[in-house]
Amino acid sequence: METIITTICLVSAVATIALILLQKGKGANMGTAFNTGTPSAASNSSESDTRLNKLTTASAVLFFGCSIVLTNISMSSPTIQEESPASVQAPVERSEFDIPQ
């Protein structure tokens, strides 16, 4: 279960990055402001931008949702804590000069 959610989280993270990089910047539509582009191309561009924005939002929401689910899974599952070397005590050897207790 955790492996499946981790895979979905990884795929959504890569998809979010790719979708963000595919989007146009703020100054990309300056050509349409000066009537250098055709109106039909501008309408198709804004329609595809809307779809791209929706896909980016969905991918980001999926990523954050998976991250929250993975956090809850890791907090609820018991973990095996190994003893640190400092907490393990070595056996004490007695010599003939030790004072008996």
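The sequence shown lines up with residues 1 to 101 when you count with full-length UniProt numbering. Ideal Cβ positions, reconstructed from N, Cα and C, are used throughout, including at glycine.
Does DSSP classify residue 24 as helix, strand or coil?
Translated into positions along the sequence shown, residue 24 becomes position 24. It is coil, neither helix nor strand.
Would residue 71 be called buried (16 or more neighbouring beta carbons within 10 Å of its own) or exposed?
The residue given as residue 71 occupies position 71 in the sequence shown. The residue in question, residue 71, is exposed, as its Cβ has fewer than 16 Cβ neighbours within 10 Å.
Quick check: what's the CA-CA separation for residue 61 versus residue 47?
For the purposes of this step, residue 61 is taken as the residue at position 61 of the sequence shown. For the purposes of this step, residue 47 is taken as the residue at position 47 of the sequence shown. Whole-angstrom Cα-Cα distance: 21 Å.
Assigned secondary structure, residue 64 (DSSP; H/G/I helix, E/B strand, else coil)
Residue 64 sits at position 64 when you count from the first residue of the sequence shown. Helix, per DSSP.
Reduced DSSP category for residue 4 - H, G, I as helix; E, B as strand; rest coil:
Counted from its first residue, the sequence shown places residue 4 at position 4. Correct three-state label for residue 4: helix.
Compute the distance between the beta-carbons of residue 52 and residue 10, then report whether it is under 9 Å.
On the sequence shown, residue 52 is found 52 positions in, with the first residue counted as 1. On the sequence shown, residue 10 is found 10 positions in, with the first residue counted as 1. Taking 9 Å as the Cβ cut-off, residue 52 and residue 10 do not qualify as a contacting pair.
Closest to residue 2 by CA distance: which of 97, 99, 75, 49 is it?
Here residue 2 refers to the residue found at position 2 of the sequence shown. Minimum Cα distance to residue 2 is reached at 75.
Going by Cα to Cα distance, which pick from 14, 56, 4 is closest to residue 23?
Here the question's residue 23 lines up with position 23 in the sequence shown. Ranking the options by Cα distance to residue 23, first place goes to 56.
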